[in-house]
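Novice: Residue 674 in the UniProt record's numbering is what sits at position 674 of the sequence shown, and the numbering runs on without skipping anything.
For every residue, glycine included, the Cβ atom is placed at its ideal position computed from N, Cα and C.
Mind having a look at this structure? Questions to follow.
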Amino acid sequence: MPKNSKVTQREHSSEHVTESVADLLAHEEPVDYKRSVLNVTGETWDKQKDGDEELDAENRPAWNSKLQYILAQIGYSVGLGNVWRFPYLCQKNGGGAYLVPYLVLLIIIGLPLFFLELAVGQRIRRGSIGVWNYICPRLGGIGYASCLVCFFVGLYYNVIIGWSIFYFFKSFQYPLPWSECPIVKNGSGAVVETECERSSATTYFWYRETLDISNSISESGGLNWKMTLCLLVAWSLVGLAMIKGIQSSGKVMYFSSLFPYVVLVCFLVRGLLLRGAVDGIMHMFTPKLDKMLDPQVWREAATQVFFALGLGFGGVIAFSSYNKQDNNCHFDATLVSFINFFTSVLATLVVFAVLGFKANIMNEKCVVENAEKILGYLNTNVLSHDLIPPHVNFSHLTAKDYNEMYRVIMTVKEGHFKELGLDACLLEDELNKSVQGTGLAFIAFTEAMTHFPASPFWSVMFFLMLINLGLGSMIGTMSGITTPIIDTFKVRKEVFTVGSCIFAFVVGLIFVQRSGNYFVTMFDDYSATLPLTVVVILENVAVAWIYGTKKFMQELTEMLGFRPYQFYYYTWKYVSPICMAVLMTASIIQLGVSPPGYSAWIREEAAEKFLFYPTWAMAILISLIILASLPLPLVFILRQFHLVSDGSNALSVTYKKGRMMKDISNLEDNDETRFILSKVPSETPSPMPTHRSYLGPGSNSPMEMSSAPNGRYGSGYLLASTPE
Numbered sequence: 001m002p003k004n005s006k007v008t009q010r011e012h013s014s015e016h017v018t019e020s021v022a023d024l025l026a027h028e029e030p031v032d033y034k035r036s037v038l039n040v041t042g043e044t045w046d047k048q049k050d051g052d053e054e055l056d057a058e059n060r061p062a063w064n065s066k067l068q069y070i071l072a073q074i075g076y077s078v079g080l081g082n083v084w085r086f087p088y089l090c091q092k093n094g095g096g097a098y099l100v101p102y103l104v105l106l107i108i109i110g111l112p113l114f115f116l117e118l119a120v121g122q123r124i125r126r127g128s129i130g131v132w133n134y135i136c137p138r139l140g141g142i143g144y145a146s147c148l149v150c151f152f153v154g155l156y157y158n159v160i161i162g163w164s165i166f167y168f169f170k171s172f173q174y175p176l177p178w179s180e181c182p183i184v185k186n187g188s189g190a191v192v193e194t195e196c197e198r199s200s201a202t203t204y205f206w207y208r209e210t211l212d213i214s215n216s217i218s219e220s221g222g223l224n225w226k227m228t229l230c231l232l233v234a235w236s237l238v239g240l241a242m243i244k245g246i247q248s249s250g251k252v253m254y255f256s257s258l259f260p261y262v263v264l265v266c267f268l269v270r271g272l273l274l275r276g277a278v279d280g281i282m283h284m285f286t287p288k289l290d291k292m293l294d295p296q297v298w299r300e301a302a303t304q305v306f307f308a309l310g311l312g313f314g315g316v317i318a319f320s321s322y323n324k325q326d327n328n329c330h331f332d333a334t335l336v337s338f339i340n341f342f343t344s345v346l347a348t349l350v351v352f353a354v355l356g357f358k359a360n361i362m363n364e365k366c367v368v369e370n371a372e373k374i375l376g377y378l379n380t381n382v383l384s385h386d387l388i389p390p391h392v393n394f395s396h397l398t399a400k401d402y403n404e405m406y407r408v409i410m411t412v413k414e415g416h417f418k419e420l421g422l423d424a425c426l427l428e429d430e431l432n433k434s435v436q437g438t439g440l441a442f443i444a445f446t447e448a449m450t451h452f453p454a455s456p457f458w459s460v461m462f463f464l465m466l467i468n469l470g471l472g473s474m475i476g477t478m479s480g481i482t483t484p485i486i487d488t489f490k491v492r493k494e495v496f497t498v499g500s501c502i503f504a505f506v507v508g509l510i511f512v513q514r515s516g517n518y519f520v521t522m523f524d525d526y527s528a529t530l531p532l533t534v535v536v537i538l539e540n541v542a543v544a545w546i547y548g549t550k551k552f553m554q555e556l557t558e559m560l561g562f563r564p565y566q567f568y569y570y571t572w573k574y575v576s577p578i579c580m581a582v583l584m585t586a587s588i589i590q591l592g593v594s595p596p597g598y599s600a601w602i603r604e605e606a607a608e609k610f611l612f613y614p615t616w617a618m619a620i621l622i623s624l625i626i627l628a629s630l631p632l633p634l635v636f637i638l639r640q641f642h643l644v645s646d647g648s649n650a651l652s653v654t655y656k657k658g659r660m661m662k663d664i665s666n667l668e669d670n671d672e673t674r675f676i677l678s679k680v681p682s683e684t685p686s687p688m689p690t691h692r693s694y695l696g697p698g699s700n701s702p703m704e705m706s707s708a709p710n711g712r713y714g715s716g717y718l719l720a721s722t723p724e
């Protein structure tokens, strides 16, 4: 110990000791007790290892600017689901009325849990594995489960980017290749491809030209070489963006996060100028208030909030771990959450402006086809000319005139009306045809764009937007794997990133065989929902109930410089865990009630058909859920029975750079003098299980009882426990 230290001076002084240990330590120069006689653990000091730890803490990569970090979080949270999932849910669950449960659940579940993940990542400055090992070692399986779920999601998510890449390159031609059905030679003549004629040009191009899909998941059909090449390009893009960590991915985010907004605004302006766009938007936002009482609507809103913010994946924690300690993560959480919400609303406006235009086109086509049927019936005297209103002009037939004529014929020919085969051709029916996911992006939207002036330009812009949305989310998802693995196992960043991308590409070949789309559906429906819900519940419980909400709030106050609202205290402790438990129960019930199956494209019928998964596919499905959840009980059991290290280095007492990593302040008051005067470890009093941590000069009391058994943070000197 330094000769001029206050402790040494007291040792050689005859004065009565009146100052507490905390008072003395508050003025001490930083000393590493692992190197001193106060090493109460008997742990050998490893100079090299200790130096590496200090260097790692000091040299952790950081964002170049706050803007770069915000764009990274936005790019991660705003993904394909905002464009093709939210509008579908909005239409299905009551239009404008759906925004109410979504916004409520965003505030009471999404924002608090998003803030929680940002805070723990920024405070501990580690990936998901390190964070949860630190907060509660027995729940360290949370980090490993997050990594597995990220891996499963990344496998199929990059396939969707591959599809977008294929459409992107196919868009550089006029007319667009999905605008018309192909002509095939049949002997001496040429006919339209039967499968295309019975469906539509865009549907045919998606299922036959792009996927070359088989009739069921059991028919592999071999690899689709075009999609295999696109998947390779997709993984190459991800690998290049990730290879230098945030130094490379941060720069990519400037484009991948901002470009989608440019495209969405351009599409909105163009869409509002299209005929029928207002019909789509009015249909979208006409509230069906009775839907708000449906529990299913609230369940789907909660699920969408949950996935929209990327909770539980580890990407949020990974990105925030590269922040400075004093960064205002509460502002970040609020900003990103509401930007995500407004992006979803903007995308919904764009989608329904375009779908309103498409509905008008399809409705006019329906009117023309049925008007020709009526003319045929008039010419063959099946229908009388007296049934046609005098003002109706067949050469300029409007939807209103057709509907009037349709009602008259239906009334007069009531007994034989079905035999005529006439359609109502209602615009409302076209608008009610809800589509989501790949059906929206690769069929409905592509069909609408074929009617745009300069359609190749809009197609290129749309699919480039999808690539960037997907790339931003993939960078966050892969960060949820690479950051914790690199932090925990100290592997080389470049080697691990390249190796993981190659491995993921090889495993992902299952998704680019002819039956690959059915595997994408399986992984999307079952690999993440239930495991991630359990992960987020345990994250919430670990912080709020095991670590302690009061202690966590206190540390946030020290870190941020202000005390977060009490709203967060109650949501973390009560509201969010209860809501998430209800969501998990509802998800389990939904899995039990809904038969596991998928929509297969039957070539001979040129139509979709719902099929149940075969036994072997059910085994894969169940294995996905079990495998993603397995680290949770496994790590708990291994650490509960001390079969492996708890990962928290609980026995090390290091005191460096002005902070102590563990708590040695749990001495009885009458032991303070003995602690100061003791010269050898054997004379040091044995610490008691209770914890008291020094809160700094501004606190009311120099010593305070900690509310959490494993407290690891504080200002000034961080103190921690050692076993008796």
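Classify serine 164: buried if its beta carbon has 16 or more other beta carbons within 10 angstroms, exposed otherwise.
Specialist: Its Cβ being crowded by 16 or more others within 10 Å, serine 164 is buried.
Novice: Residues bridged to tyrosine 134 by DSSP?
Specialist: Answer is none; tyrosine 134 lacks a bridge partner.
Novice: Taking leucine 335 as the reference, which of Ile481, Gln73, Leu466 has the closest Cα?
Specialist: Gln73
Novice: Between the C-alpha atoms of cysteine 266 and histidine 642, what's the straight-line distance to the nearest angstrom?
Specialist: The alpha-carbon atoms of cysteine 266 and histidine 642 are separated by roughly 59 Å.
Novice: Can you tell which of Phe610, Ser587, Gln590 has its C-alpha closest to the C-alpha of glutamate 597?
Specialist: Before going further, note that residue 597 is glycine rather than glutamate in the sequence given. Taking only the C-alpha atoms, the option nearest glycine 597 is Phe610.
Novice: Helix, strand or coil for leucine 293 per DSSP?
Specialist: helix
Novice: Can you tell me whether serine 220 is buried or exposed? The criterion is at least 16 other CB atoms within 10 Å of its CB, across all chains shown.
Specialist: Under this definition serine 220 is an exposed residue.
Novice: Check this for me: beta carbons of phenylalanine 313 and cysteine 150, under 8 Å apart or not?
Specialist: yes
Novice: Give me the Cα-Cα distance between threonine 483 and cysteine 501, rounded to the nearest whole angstrom.
Specialist: 14 Å
Novice: Of the choices Glu364, Asp401, Val382, Val262, whose alpha-carbon is the least far from that of alanine 347?
Specialist: Val262
Novice: Based on Cα-Cα distance, which residue from Gly96, Asn224, Ile107 lies nearest to isoleucine 510?
Specialist: Asn224
Novice: Inspect the beta-carbon positions of glutamine 513 and serine 321 and report whether they are closer than 8 Å.
Specialist: no
Novice: What residue range does the alpha helix (DSSP H) around alanine 619 cover?
Specialist: 615-629
Novice: Buried or exposed for valine 286, please, with buried defined as at least 16 other CB atoms from any protein chain shown within 10 angstroms of its CB.
Specialist: Sequence check: residue 286 is threonine here, not valine. So threonine 286 counts as exposed.
Novice: Pull the bridge partners of residue 735 from the DSSP assignment, please.
Specialist: With the chain covering only 1 through 724, there is no way to say anything about residue 735.
Novice: Where does threonine 190 sit, in a helix, a strand or coil, going by DSSP?
Specialist: Before going on, a small fix: residue 190 reads as alanine here, not threonine. Reduced to three states, the DSSP call for alanine 190 is strand.
Novice: Rounded to whole angstroms, how far is the Cβ of isoleucine 317 from the Cβ of serine 599, which I believe are closer than 8 Å?
Specialist: In fact, because the Cβ distance is near 35 Å, the residues do not count as touching under 8 Å.
Novice: I need the boundaries of the alpha helix (DSSP H) containing arginine 123, first residue and last residue.
Specialist: 111-124
Novice: What residue range does the alpha helix (DSSP H) around phenylalanine 255 cover?
Specialist: Its alpha helix (DSSP H) spans residues 246-272.
Novice: Closer than 8 Å, CB to CB, is aspartate 326 near chain B or not?
Specialist: Of the protein chains in this structure there is only one, and it is not chain B.
Novice: If we count the other Cβ atoms within 10 Å of its Cβ and call it buried at 16 or more, is aspartate 386 buried or exposed?
Specialist: exposed
Novice: For valine 184, which three-state DSSP category applies?
Specialist: strand
Novice: Exposed or buried, tryptophan 84, counting other C-beta atoms within 10 Å across all chains shown (16 or more means buried)?
Specialist: buried
Novice: Hey, tyrosine 102 and valine 305: beta-carbon distance below 8 Å or not?
Specialist: yes
Novice: For leucine 176, does the three-state DSSP call read helix, strand or coil?
Specialist: coil
Novice: Once you ignore the five residues that flank tyrosine 156 on each side, which residues in its own chain have a CB closer than 7 Å to its CB?
Specialist: Within the same chain, tyrosine 156 has close Cβ partners Phe511, Val520, Phe523, Asp524.
Novice: Less than 8 Å between the beta carbons of arginine 275 and asparagine 360, yes or no?
Specialist: yes
Novice: I need the DSSP call for glycine 154, collapsed to helix, strand or coil.
Specialist: helix
Novice: Buried or exposed for valine 153, going by 16 or more other Cβ atoms inside 10 Å?
Specialist: buried
Novice: Taking valine 534 as the reference, give the member of Val582, Lys244, Arg208 with the closest Cα.
Specialist: Val582
Novice: Who are the near neighbours of leucine 426 in its chain, counting only those whose CB is closer than 6 Å to its CB and skipping five residues on each side?
Specialist: none
Novice: Could you tell me which residues DSSP puts in a beta bridge with glutamine 513?
Specialist: Leu223
Novice: By how many angstroms is the C-alpha of glycine 162 removed from the C-alpha of tyrosine 207?
Specialist: Roughly 15 Å separates the two Cα atoms.
Novice: Looking only at its chain, what residues have a beta carbon closer than 6 Å to the beta carbon of valine 460, apart from the 5 residues adjacent to it on each side?
Specialist: Ser171
Novice: Are the stretch 64-79 and the stretch 464-478 touching, with three or more C-beta to C-beta distances below 8 Å?
Specialist: yes
Novice: Does DSSP put tyrosine 569 in a helix, a strand or coil?
Specialist: Shown here, tyrosine 569 sits in a helix according to DSSP, grouped into three states.
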